[in-house]
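Residue numbers (the numbering used here): 54 to 254. In this text, a Cβ means the ideal position worked out from N, Cα and C, and glycines have one as well. Source: prediction; values computed, not measured. Below you'll find the structure, written out as structure tokens, and then a few comments.
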Ligand SMILES: CC(C)(COP(=O)(O)OP(=O)(O)OC[C@H]1O[C@@H](n2cnc3c(N)ncnc32)[C@H](O)[C@@H]1OP(=O)(O)O)[C@@H](O)C(=O)NCCC(=O)NCCS
């Protein structure tokens, strides 16, 4: 189901219908082209390579760390696999926890993963350059939040550079201001998205 409220808070009925039709067509098209699923152990190296392509060295997750995350929490990855090539085109990964704000240690310590945690810290959204601007990141996020909501999670958190704040707002996140993070020597915004409708963020 398309969660229109997260994407289109103030539209009229006609715009809303047009939006939903477009989203549904887009989702169907992406579903035909990509398989969306958990990552497999043997894909850790591929995910690490995608990460090196997508992020500069000071921001990217190291190969070693990516292997650890895949080993510890494969169910907290969502990959989009190109059905034509069988290769990962993009992915989103995170760690669940009971903590309620982002800290940089989530990037470097997969041991912080608590499978029953009520929140999710999102650690990376990656789409290879040749697949960009086709809605893939938006679809990965939509499916990821939907999946984690069904598991009973409450809130998703992430940090991003100022240039990505609008993008995440479109995906349903709220800007919480400057994060308590110095990852990669940059200044970050913390953003959150409530998945469960009842209860505090
Ligand atoms: C950022 C990234 C994940 C976007 O992937 P994508 O599949 O091209 O994104 P989508 O096509 O789903 O676009 C979703 C929305 O995000 C916005 N957006 C896309 N790329 C963007 C970018 N580089 N900067 C700012 N906004 C962007 C678009 O406005 C789009 O909304 P629109 O379709 O209404 O215009 C991809 O460019 C990437 O992997 N970049 C390198 C890694 C990165 O920066 N990840 C995010 C870390 S915070």
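- For residue 113, no beta strand (DSSP E) encloses it, and the DSSP letter there is neither H nor E.
- Looking from the CA of residue 136, the closest CA among 90, 212 and 214 belongs to 90.
- By the neighbour-count definition (other C-beta atoms within 10 Å, threshold 16), residue 143 is a buried residue.
- Between ligand 1 and the CB of residue 184, the shortest heavy atom gap is smaller than 8 Å.
- Remark: the shortest separation between the CB of residue 190 and any heavy atom of ligand 1 falls under 8 Å.
- Straight through space, the alpha carbons of residue 185 and residue 82 are spaced by roughly 15 Å.
- In this structure the segment 97 to 111 does not lie against the segment 147 to 165, because fewer than three pairs of beta carbons, one per stretch, are closer than 8 Å.
- Taking 9 Å as the cut-off, the beta carbon of residue 114 is found closer than this to the beta carbon of residue 177.
- In the three-state DSSP reduction, residue 102 falls in the helix class (H, G or I).
- The Cβ atoms of residue 243 and residue 210 sit closer than 9 Å to each other.
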